[in-house]
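Undergrad: Residue numbers (our numbering): 14 to 348.
The C-beta atom is built at its ideal place from N, Cα and C for all residues, glycine as well.
All of these numbers come straight from a predicted model, not from anything done at the bench.
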Ligand code: SF4
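This is the structure in structure tokens:
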């Protein structure tokens, strides 16, 4: 018998049922009475959000679980650290209409939705003014008008938050409108949603992406090989069968993936699932994330080893984002 098709109800139910109370999260992992419970942030402004398929991949009883570390709000977030600021990439300066970022030549980024299915504690957009940048239909019309006039823009990046927070109807409307702009030729979708709720890749969404006039590419965000166990590997297969390239960008995070074996496994097992490594980002120095930082000399030593251990096509590019630069700054291996 055929497996039941994924529907919008499946992912909506999982999204609505995500764990938002850090104490409940720790209880579910048998950590409610341990020392980790005493390190929780008191009143995090960036709320905890962890959907069930992601939670199911954590190891009960392990306070150092690399997936848990990415989503648990701890008191270290509240400590001000010099050099860590609310808008490290000065994105607000490249915001011509609400919801649109035009930082680089030839491509623009549309904040299609302000929310996310998971709240990653290291997120560089955790302080971004989404309330002012939630374009809604009317704001999207302004963004579409800007794009129609910006003839050098050939690629549109749907981002967020997470663009897959939009349902398939809303995404279908948006993609159709983008297809009407003749100079746009590529559609890039940046998302972590299907990593934490693989049910989001509904047959309709697959049709929408694979059937577009725009050449599409899906850029996922996985930081640890255990994240492949949420069901994302299987969920990607219909898209891959239809020829859609799937890439991964990861962030180098202390206590999560700053080990050679972990990064190798992420690249190699990702490839087995059809995902090509794309970027390995150094952490953007955003307020509240200093405890995740791997300093640049250590990151480069680790990357030298990674480059020596993997074939070139499995090596993500180590990059740092620098405000005002024409693109991401590559940090190649030094040997
Ligand atoms: S899914 Fe992406 S945008 Fe959303 S919190 Fe995580 S890193 Fe940030």
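Specify the secondary structure class of residue 81 as computed by DSSP and reduced to three states.
TA: The sequence position of residue 81 within the chain shown is 68, counting from 1. Residue 81 falls in the helix class under three-state DSSP.
Undergrad: May I ask you to check if the CB of residue 137 is nearer than 8 Å to at least one heavy atom of the ligand SF4?
TA: Position 124 of the chain shown holds residue 137. Yes, since a heavy atom of the ligand SF4 falls inside the 8 Å radius drawn around the Cβ of residue 137.
Undergrad: Tell me whether residue 228, by its Cβ, gets closer than 8 Å to a heavy atom of the ligand SF4.
TA: On the chain shown, residue 228 is found 215 positions in, with the first residue counted as 1. Not so, every heavy atom of the ligand SF4 lies at least 8 Å from the Cβ.
Undergrad: Report the residue ranges of all alpha helix (DSSP H) runs contained in full by the region 27 to 84; include only those spanning at least 4 residues, in chain order.
TA: Those alpha helix (DSSP H) runs which fall completely within the region 27 to 84 and span 4+ residues are 35 to 41, 65 to 68, 79 to 84.
Undergrad: Evaluate the contact criterion for the region 320 to 332 versus the region 99 to 119: three or more CB pairs, one atom per stretch, below 8 Å.
TA: No: the two stretches stay apart, fewer than three of their Cβ pairs being nearer than 8 Å.
Undergrad: How many Å lie between residue 114 and residue 72 at the Cα?
TA: In the chain shown, counting from the first residue as 1, residue 114 sits at position 101. In the chain shown, counting from the first residue as 1, residue 72 sits at position 59. If I take the Cα positions, the gap works out to 38 Å.
Undergrad: When you compare only the Cα positions, how much space is there between residue 14 and residue 201?
TA: Taking the chain shown and counting its residues from 1, one reaches residue 14 at position 1. Taking the chain shown and counting its residues from 1, one reaches residue 201 at position 188. Low per-residue confidence applies at residue 14: pLDDT is 37, beneath 50, and the placement is therefore not dependable enough to give any value.
Undergrad: Near residue 269, what residues of its chain come up, given a Cβ to Cβ distance below 7 Å and the 5 sequence neighbours on each side ignored?
TA: Reading the chain shown from its first residue, position 256 is the one you call residue 269. Here the set comprises 79, 82, 83, 236, 237.
Undergrad: Around the Cβ of residue 205, are there at least 16 other Cβ atoms within 10 angstroms (buried) or fewer (exposed)?
TA: On the chain shown, position 192 is the one that residue 205 refers to. The residue in question, residue 205, is buried, as its Cβ has 16 or more Cβ neighbours within 10 Å.
Undergrad: Residue 18 to residue 66, Cα distance in whole Å?
TA: For this step, residue 18 is matched to residue 5 along the chain shown. For this step, residue 66 is matched to residue 53 along the chain shown. Going from the Cα of residue 18 to the Cα of residue 66 covers about 17 Å.
Undergrad: Assuming contact is defined by CB atoms lying nearer than 9 Å, are residue 209 and residue 286 in contact in what I supplied?
TA: Numbered from 1 along the chain shown, position 196 holds the residue referred to as residue 209. Numbered from 1 along the chain shown, position 273 holds the residue referred to as residue 286. Against a cut-off of 9 Å, the Cβ pair of residue 286 and residue 209 comes out as no contact.
Undergrad: Between residue 212 and the rest of its own chain, which residues show a CB-CB distance below 7 Å, the 5 nearest in sequence each way excluded?
TA: Looking up residue 212 in the chain shown gives position 199. Excluding positions up to five away in sequence, the list reads 19, 23, 24, 27.
Undergrad: Within 10 angstroms of its Cβ, does residue 55 collect 16 or more other Cβ (buried), or is it exposed?
TA: Taking the chain shown and counting its residues from 1, the one referred to as residue 55 is at position 42. Residue 55 comes out exposed.
Undergrad: Residue 300 lies in the alpha helix (DSSP H); which residues open and close that run?
TA: Here the question's residue 300 lines up with position 287 in the chain shown. Run containing residue 300: none; DSSP gives neither H nor E here.
Undergrad: Take residue 126 as the anchor and find which of 132, 148, 133 has the nearest alpha-carbon.
TA: Against the chain shown, residue 126 aligns to sequence position 113. Comparing Cα-Cα distances from residue 126 to each of 132, 148, 133, the minimum goes to 148.
Undergrad: Which class does residue 238 belong to by DSSP, given the choice of helix, strand or coil?
TA: For the purposes of this step, residue 238 is taken as the residue at position 225 of the chain shown. It is helical.
Undergrad: Would you mind giving the Cβ-Cβ distance between residue 244 and residue 261, rounded to the nearest angstrom? I have them listed as a contact below 8 Å.
TA: Here residue 244 corresponds to residue number 231 of the chain shown, with the count starting at 1. Here residue 261 corresponds to residue number 248 of the chain shown, with the count starting at 1. The pair is not a contact, with the Cβ atoms about 16 Å apart (cut-off 8 Å).
Undergrad: Among 101, 326, 88, 74, whose alpha-carbon lies nearest the alpha-carbon of residue 337?
TA: For the purposes of this step, residue 337 is taken as the residue at position 324 of the chain shown. For the residues 101, 326, 88, 74, the minimum Cα distance to residue 337 belongs to 101.
Undergrad: So does the region 83 to 99 actually touch the region 286 to 301, counting three or more Cβ pairs closer than 8 Å?
TA: Yes: at least three Cβ pairs fall under 8 Å.
Undergrad: I'd like to confirm something about residue 175: is its beta-carbon nearer than 8 Å to some heavy atom of the ligand SF4, or not?
TA: Taking the chain shown and counting its residues from 1, the one referred to as residue 175 is at position 162. For the ligand SF4, at least one heavy atom lies less than 8 Å from the Cβ of residue 175.
Undergrad: Can you round the beta-carbon distance between residue 123 and residue 170 to whole angstroms, since I take them to be within the 8 Å contact cut?
TA: Taking the chain shown and counting its residues from 1, one reaches residue 123 at position 110. Taking the chain shown and counting its residues from 1, one reaches residue 170 at position 157. With a Cβ gap of about 7 Å, residue 123 and residue 170 count as contacting.
Undergrad: What residues in its chain sit with their C-beta under 8 Å from that of residue 343, if we drop five residues either side in the sequence?
TA: Along the chain shown, read from residue 1 onward, the residue named residue 343 stands at position 330. Excluding sequence neighbours, residue 343 sits near 330, 331, 332.
Undergrad: Please name the residue, chosen from 348, 335, 345, that lies closest to residue 117 on a Cα-to-Cα basis.
TA: Taking the chain shown and counting its residues from 1, one reaches residue 117 at position 104. The shortest C-alpha separation from residue 117 is found at 335.
Undergrad: Following a CB-centred definition, is residue 98 positioned closer than 8 Å to any heavy atom of the ligand SF4?
TA: Translated into the one-based positions of the chain shown, residue 98 becomes position 85. Incorrect: residue 98 has no Cβ contact closer than 8 Å to the ligand SF4.
Undergrad: If we count the other Cβ atoms within 10 Å of its Cβ and call it buried at 16 or more, is residue 311 buried or exposed?
TA: Working through the chain shown from its first residue, we reach residue 311 at position 298. Flag for residue 311 reads exposed.
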